[in-house]
Amino acid sequence: MTASAIPVRLTEAMLVDLVTFRGNGTPVHTPVLSTPRGATLLVRTHHTAGKLKRIRQRPVVEVAPCDGRGRLIGPARPGTARILPASETDECLDLLHARHGLIGRLATVLRHVRGMRDVIIEVSAS
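Okay, so the sequence shown: first residue is 37 according to my numbering, each after it adds one.
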């Protein structure tokens with residue numbers, strides 16, 4: 037995404053609806069915490085999440101601002117997702133923690149207690 041391609045509504049949204057697609061084309065909606073980084077959006081998930089398999093098979097996604105219940109509050113934008121290497125995870129988690137404060141840190145602690153590893157997905161414009 038070029039900086040102008042990220043709508044202000046998406047960069048300001050604390051939560052976005054990340055839509056990934058199954059092999060048969062069925063969309064799967066997931067509300068996730070997000071933060072902008074340069075001309076992209078970063079979202080976090082755990083290493084066993086189904087969305088990672090779907091992104092590996094088909095990196096085409098859609099993102100839209102949403103509320104805490106996953107209800108859309110703005111238009112969806114097409115994008116391309118990329119799973120970042122583990123070497124970039126700590127830097128990206130710092131950005132997410134800075135933006136989401138206590139909620140972001142608490143989510144990280146709970147994942148680690150459950151034995152889950154964080155994985156960062158970078159979304160850019162298609």
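By construction, the Cβ of each residue, glycine as well, lies at the ideal position given by its N, Cα and C atoms.
A quick note: this is a predicted structure, and the numbers were derived from the prediction, not measured.
Exercise. Does the beta carbon of V149 fall short of 6 Å from some heavy atom of the ligand FMN?
Worked result: Absence of the ligand FMN is noted for the structure shown, with no ligands found whatsoever.
Problem set entry | Distance between E124 and P95 (C-alpha atoms, nearest Å) | Working through the sequence shown from its first residue, we reach residue 95 at position 59. Working through the sequence shown from its first residue, we reach residue 124 at position 88. Going from the Cα of P95 to the Cα of E124 covers about 19 Å.
Problem set entry | Euclidean distance between Cα positions of I139 and A100 | In the sequence shown, residue 139 corresponds to position 103, counting from 1. In the sequence shown, residue 100 corresponds to position 64, counting from 1. Cα-Cα distance, rounded: 21 Å.
For this session: Please list, in chain order, all residues of the same chain as G104 whose beta carbon is under 8 Å from its beta carbon, the five residues on each side excluded.
Result: The residue labelled residue 104 in the question sits at position 68 within the sequence shown. Result list for G104: L51, P67, in chain order.
Problem set entry | Segment limits, beta strand (DSSP E) that includes G137 | If you number the sequence shown from 1, residue 137 lands on position 101. For G137, there is no enclosing beta strand (DSSP E); the residue is found in the alpha helix (DSSP H) stretching over 125-149.
Problem set entry | E98 burial status per 10 Å Cβ neighbour count (16 or more: buried) | Position 62 of the sequence shown, counted from the first residue, corresponds to residue 98. E98 should be labelled buried.
Exercise. Do the segment 139-156 and the segment 79-89 touch if we need at least three Cβ pairs shorter than 8 Å?
Worked result: yes
Exercise. Excluding sequence positions up to five away, which residues of its chain have a Cβ less than 7 Å from the Cβ of G106?
Worked result: Here residue 106 corresponds to residue number 70 of the sequence shown, with the count starting at 1. Cβ neighbours of G106 beyond the five flanking positions: D53, H65, P67.
Exercise. Considering only C-alpha positions, which residue in the set D126, V145, G59, G137 is nearest to L88?
Worked result: Mapped onto the sequence shown, residue 88 falls at position 52. In terms of CA proximity to L88, G59 leads the group D126, V145, G59, G137.
Exercise. Out of curiosity, what's the CA-to-CA distance linking L77 and A122?
Worked result: The sequence position of residue 77 within the sequence shown is 41, counting from 1. The sequence position of residue 122 within the sequence shown is 86, counting from 1. L77 and A122: Cα-Cα distance of roughly 17 Å.
For this session: Could you name the residues of the same chain whose beta carbon sits closer than 6 Å to that of A39, not counting the 5 residues immediately before and after it, in chain order?
Result: Within the sequence shown, the letter at position 3 stands for residue 39. Here A39 scores only 43 on pLDDT, less than 50, and its place in the model should not be relied on; the value that follows carries that caveat. Excluding positions up to five away in sequence, the list reads A75.
For this session: Could you check which residue in E48, F57, T62, S160 has the C-alpha nearest to that of R113?
Result: If you number the sequence shown from 1, residue 113 lands on position 77. When only C-alpha atoms are compared, the closest one is S160.
For this session: Flag this pair as yes or no: are the beta carbons of A91 and A49 separated by less than 7 Å?
Result: Counted from its first residue, the sequence shown places residue 91 at position 55. Counted from its first residue, the sequence shown places residue 49 at position 13. Note that residue 91 is Ile in the sequence shown here, rather than Ala. It is not a contact, given that the beta carbons lie outside the stated cut-off.
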